[in-house]
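Undergrad: Please find one structure pasted underneath; my questions will follow.
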Amino acid sequence: MKILITGVAGFIGSHLAKKLIFQGFEVVGIDNLNDYYSVRLKNDRLDILLKKKVKNYNIDLENTEDVLSVFSKEKPQIVINLAAQAGVRYSLENPHTYITSNVNGFVNILEGCRHYNVKNLIYASSSSVYGANTAKPFSTSDNIDHPLSLYAATKKSNELMAHTYSHLFNLPTTGLRFFTVYGPWGRPDMALFKFTKAIVNDEPIDVYNHGNMMRDFTYVDDIVEAISRLVEKPAQPNPEWSGDNPDPSSSYAPYKIYNIGNNSPVRLMEFVEAIENKVGKTAKKNFMNLQPGDVPETYANVEDLFNSINFKPETKIQDGVNNFVDWYLDYYKECDIH
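Per our numbering: the sequence shown = residues 3 to 340.
Right, dumping it as structure tokens:
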């Protein structure tokens, strides 16, 4: 069975591709290797995949002709859309990039799935869609009409667009709201990467909201395990769905939304301590206010996910951080652990 992964040279995409290849799937990718962060890091991830016979198409998702050409040539049975312009803070300065990549690009994926008989579309949403919600843990049955960033708004729009195609064309779509993914080969713009780099080099770290933040940090292997279990479990219509009391996480159409989070929020300062413990240095902390678009706490309800695939993320923060720091020091060889 052939699987198309967009964003295959990305953090989650590269980990997922390796796992699916190991499970016996044929994997093809789309990744334009843009310079939002280190192109070298993306190329190094991709080099590992190319050695495993993964073919990558270096095209932009917003280019309709190019995307449909890949569908026509490869005819994947399953599509996993992980490509997106990421980052909450970046969306404040570069809003048009998010519409181009996350909205225009996603409709091209939907059109490819529609016209080339794709059996299962899985796509990345985000925990950021919960926005101004304060009831914890966040449930996929919650209303998400109050996003706090354009990035979050584009992710909600993806869920709405997917439902439309599930309704109109009977396309099974599964949206995954990821909660603060971390681990080896992670993105340089994420907190773990920035904190580790700074602590290793005796530089200060910016600690937002004066450290009063909690995140449902989710280890990348857990994310990948969940996705791999959903690959052969396309969304099904919910026979109990009612328009009188509509459940946002399911539908009369083959449509489903899941949270993928650790279901165990960690204080930001505890996260920093985990890095300090591994590196053997104390961070120099620059305490700052909450940034526009950020939320103070995330916390995933993963009951639906567990009921569907008998799995939920459980990697402990110190274990995951240790694995990341080991990878980071090996990849950059900037110092030895004391």
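Beta carbons are placed, not taken as given, at the ideal position from N, Cα and C, and that holds for glycine.
Relative to the C-alpha of residue 290, which candidate in 178, 270 and 247 has its C-alpha closest?
TA: 270
Undergrad: Could you give the distance in angstroms between the alpha-carbon of residue 1 and the alpha-carbon of residue 218?
TA: Absent from the structure is residue 1, since the part of the chain shown begins at 3 and ends at 340.
Undergrad: Determine, using beta carbons only, whether residue 48 and residue 33 come nearer to each other than 9 Å.
TA: yes
Undergrad: If you drop the 5 nearest sequence neighbours on each side, which residues of the same chain put their C-beta closer than 6 Å to that of residue 340?
TA: A caution first: residue 340 carries a pLDDT of 41, below 50, which makes its placement in the model unreliable, though a value can still be read off. For residue 340, where only same-chain residues beyond five positions count, the Cβ hits under 6 Å are 282.
Undergrad: Would you call residue 342 buried or exposed, if buried means 16 or more other Cβ atoms sit within 10 Å of its Cβ?
TA: As displayed, the chain neither begins before 3 nor continues past 340, which places residue 342 out of reach and without an answer.
Undergrad: Looking only at its chain, what residues have a beta carbon closer than 6 Å to the beta carbon of residue 73, apart from the 5 residues adjacent to it on each side?
TA: 114 and 118
Undergrad: Count the other CB atoms, across all protein chains shown, that sit within 10 Å of the CB of residue 128; report buried if there are 16 or more and exposed otherwise.
TA: buried
Undergrad: So, for residue 224: in the same chain, excluding its five sequence neighbours on each side, which residues have a beta-carbon less than 6 Å away from its beta-carbon?
TA: Residues 315 and 317 of the same chain have their beta carbon placed closer than 6 Å to that of residue 224, with the five preceding and five following residues left out of the count.
Undergrad: Round the Cβ separation of residue 186 and residue 45 to the nearest angstrom and send it over; I've been treating them as touching at under 8 Å.
TA: About 16 Å separates the two Cβ atoms, so there is no contact after all.
Undergrad: With 16 other CB atoms within 10 Å as the buried threshold, where does residue 193 fall?
TA: Its Cβ being crowded by 16 or more others within 10 Å, residue 193 is buried.
Undergrad: What are the partner residues of residue 31, as DSSP defines its beta bridges?
TA: 7 and 58
Undergrad: In three-state terms, what does DSSP make of residue 96?
TA: coil
Undergrad: From residue 161 to residue 204, what distance separates their C-alpha atoms?
TA: 42 Å
Undergrad: Which of helix, strand or coil does DSSP assign to residue 340?
TA: Caution is warranted here: a pLDDT of 41 is assigned to residue 340, below 50, making its placement in the model unreliable, and no coordinate value can be reported.
Undergrad: Can you check whether the CB of residue 222 is closer than 9 Å to the CB of residue 17?
TA: yes
Undergrad: Just checking, does the region 224–237 make contact with the region 21–36 on the three C-beta pairs under 8 Å criterion?
TA: yes
Undergrad: Output the residue ranges of the alpha helix (DSSP H) runs that lie fully inside the region 87–143 and measure 4 residues or longer, sorted by chain position.
TA: List check, alpha helix (DSSP H) in window: 92–95, 97–100 and 107–117.
Undergrad: According to DSSP, is residue 160 helix, strand or coil?
TA: helix
Undergrad: Are the beta-carbon atoms of residue 63 and residue 108 separated by less than 9 Å?
TA: yes
Undergrad: Which residue's Cα is closest to the Cα of residue 299: 265, 321 and 330?
TA: 265
Undergrad: Please state if the CB of residue 239 and the CB of residue 255 are separated by a distance shorter than 9 Å.
TA: yes
Undergrad: Pull up the CB-CB distance for residue 345 and residue 295, whole angstroms please, since I reckon it's below 8 Å.
TA: In the structure as shown, the chain begins at 3 and stops at 340. Residue 345 is therefore absent and cannot be evaluated.
Undergrad: What are the boundary residues of the alpha helix (DSSP H) that residue 199 is part of?
TA: In the DSSP annotation of this structure, the continuous segment of the alpha helix (DSSP H) that includes residue 199 starts and ends at 193–202.
Undergrad: Would you say residue 206 and residue 288 are within 9 Å of each other, going by their C-beta atoms?
TA: yes
Undergrad: Thinking just about the alpha-carbon of each residue, which of 331, 307 and 9 is nearest to the one in residue 178?
TA: Of the candidates 331, 307 and 9, the one whose C-alpha sits nearest the C-alpha of residue 178 is 307.
Undergrad: Need the endpoints of the alpha helix (DSSP H) that residue 279 sits in, please.
TA: Where residue 279 is concerned, the enclosing alpha helix (DSSP H) starts and stops at 270–281.
Undergrad: Can you grab the Cα-Cα spacing for the pair residue 66 / residue 89, in whole Å?
TA: 24 Å
Undergrad: Taking the alpha carbon of residue 144 as the reference point, which residue from 170, 259 and 52 has its own alpha carbon closest?
TA: Taking only the C-alpha atoms, the option nearest residue 144 is 259.
Undergrad: Below 8 Å on the Cβ atoms is my contact criterion, and I expect residue 2 with residue 257 to pass it. Report the Cβ-Cβ distance as a whole number of Å.
TA: Residue 2 lies beyond the stretch modelled for the chain, which goes from 3 to 340, so this question has no answer here.
Undergrad: Could you name the residues that DSSP lists as bridge partners for residue 76?
TA: DSSP output for residue 76 lists no bridge partner at all.
Undergrad: Could you confirm whether any beta carbon from chain C is found closer than 9 Å to the beta carbon of residue 333?
TA: Among the protein chains of the structure shown there is no chain C, as only one such chain exists.
Undergrad: Assuming residue 26 and residue 10 make a contact with CB atoms under 8 Å, what is their CB distance in whole Å?
TA: Going by Cβ atoms, the distance from residue 26 to residue 10 rounds to 17 Å, so no, they are not a contact pair.
Undergrad: Leaving aside the five residues before and after residue 5 along the sequence, list all residues of the same chain whose C-beta is less than 8 Å from its C-beta, in chain order.
TA: 22, 27, 28, 29, 30, 78, 79, 80, 81, 82 and 233
Undergrad: Rounded to a whole number of angstroms, what is the C-alpha to C-alpha distance between residue 202 and residue 39?
TA: The C-alpha of residue 39 is placed about 20 Å away from the C-alpha of residue 202.
Undergrad: Given that a residue counts as buried once 16 or more other Cβ atoms are within 10 Å of its Cβ, and exposed if not, what is residue 53?
TA: exposed
Undergrad: Have a look at residue 2 and residue 334 and give me their C-alpha separation to the nearest angstrom.
TA: Because residue 2 is not part of the residues shown, which for the chain are 3 to 340, the question remains open.
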